[in-house]
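With our numbering, the residue at position 50 of the sequence shown is 229, and numbering never jumps.
A short write-up of the structure that comes next.
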Amino acid sequence: PAYLAAEETGSQAALQDVEDTSVLIKRYQMNRLLVFVDPSRDPDGAGYNLEQSKIAIGSGELAGKGLNSGTQSRLNFLPERHTDFVFSTLGEQLGFAGAVLLLGLYLALLITSLEIAAQSRDLFGSLIVVGVIAMWTFQILENMGMTIGLMPITGIPLPFMSYGSSFMVTNMAAVGMLLSVWTRR
180 PAYLAAEETG SQAALQDVED TSVLIKRYQM NRLLVFVDPS RDPDGAGYNL
230 EQSKIAIGSG ELAGKGLNSG TQSRLNFLPE RHTDFVFSTL GEQLGFAGAV
280 LLLGLYLALL ITSLEIAAQS RDLFGSLIVV GVIAMWTFQI LENMGMTIGL
330 MPITGIPLPF MSYGSSFMVT NMAAVGMLLS VWTRR
């Protein structure tokens with residue numbers, strides 16, 4: 180419709196004005212923001228990761244293509260498929276059902292962690308657990324959100340899924356803190 184085209188042109192003009200006058204951020208940073216607002220603006224450049232991520236998740240459909248059978252991830256169209264975009268890889272190979280299962284497992288982890296915080300006998304233990312819950316919640320929402328275009332692409336890994344030894348050590352240390360609070364309840 181014409182009114183949407185006019186609105187889009189107006190918002191693009193406003194963003195262009197901001198881009199031309201900005202001294203706080205560099206041009207490539209502004210380009211990332213513009214591509215976040217409209218990924219089709221640069222599908223082969225700054226918008227490539229998001230476009231490939233959406234294609235991978237969408238091609239998984241309900242049940243997925245099967246383990247190691249995803250074309251986007253296996254043929255290297257999906258960048259950083261083992262770290263930043265591991266949720267896209269999972270969505271392509273296991274489909275919507277696998278993504279919902281993973282989300283359910285994360286929800287169970289967070290609810291169990293909340294129960295540990297509630298049962299802690301001191302405030303310090305509760306605060307440790309709430310901090311771990313906040314960290315995991317942010318990482319889960321940011322990673323899943325960035326792979327489907329709801330959040331900007333930041334490179335935050337998905338807990339217990341993304342490849343990386345230091346990230347896995349951090350998550351295991353967080354689990355250790357939760358278990359320590361739980362045993363001292």
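All C-beta atoms in this analysis are idealised placements derived from N, C-alpha and C, irrespective of residue type, glycine included.
Cβ neighbour criterion (16 or more within 10 Å) applied to residue i
i	result
tyrosine 207	exposed
glutamate 294	exposed
alanine 367	No information on residue 367 is available, as it lies outside the stretch 180 to 364 that the chain covers here.
phenylalanine 266	buried
arginine 364	exposed
threonine 291	exposed
lysine 244	buried
serine 299	buried
alanine 297	exposed
threonine 326	buried
glycine 343	exposed
asparagine 255	exposed
Where residue i falls: helix, strand or coil (DSSP)
i	result
serine 248	coil
tyrosine 227	helix
arginine 253	helix
leucine 337	coil
leucine 213	helix
proline 374	The first residue shown for the chain is 180 and the last is 364, placing residue 374 beyond what the model contains.
leucine 241	coil
isoleucine 236	helix
Residue from the options whose Cα sits closest to the Cα of residue i
i	options	result
asparagine 247	Met347, Gly224 and Leu273	Leu273
tryptophan 361	Asn255, Asp301, Ile204 and Tyr342	Asp301
glycine 324	Leu306, Ile204, Leu213 and Ile236	Ile236
leucine 269	Ile204, Asn322 and Ser345	Asn322
leucine 282	Leu329, Leu337, Glu259 and Asp223	Leu337
threonine 262	Met314, Thr250 and Ile332	Ile332
glycine 328	Arg220, Lys233 and Thr349	Lys233
Element boundaries [alpha helix (DSSP H), containing residue i]
i	result
valine 202	From DSSP, valine 202 is part of no alpha helix (DSSP H); its letter is neither H nor E.
isoleucine 307	302-327
phenylalanine 266	265-298
alanine 357	In the sequence as displayed, the identity of residue 357 is leucine instead of alanine. Looking at the DSSP string, the run of the alpha helix (DSSP H) that includes leucine 357 is 344-362.
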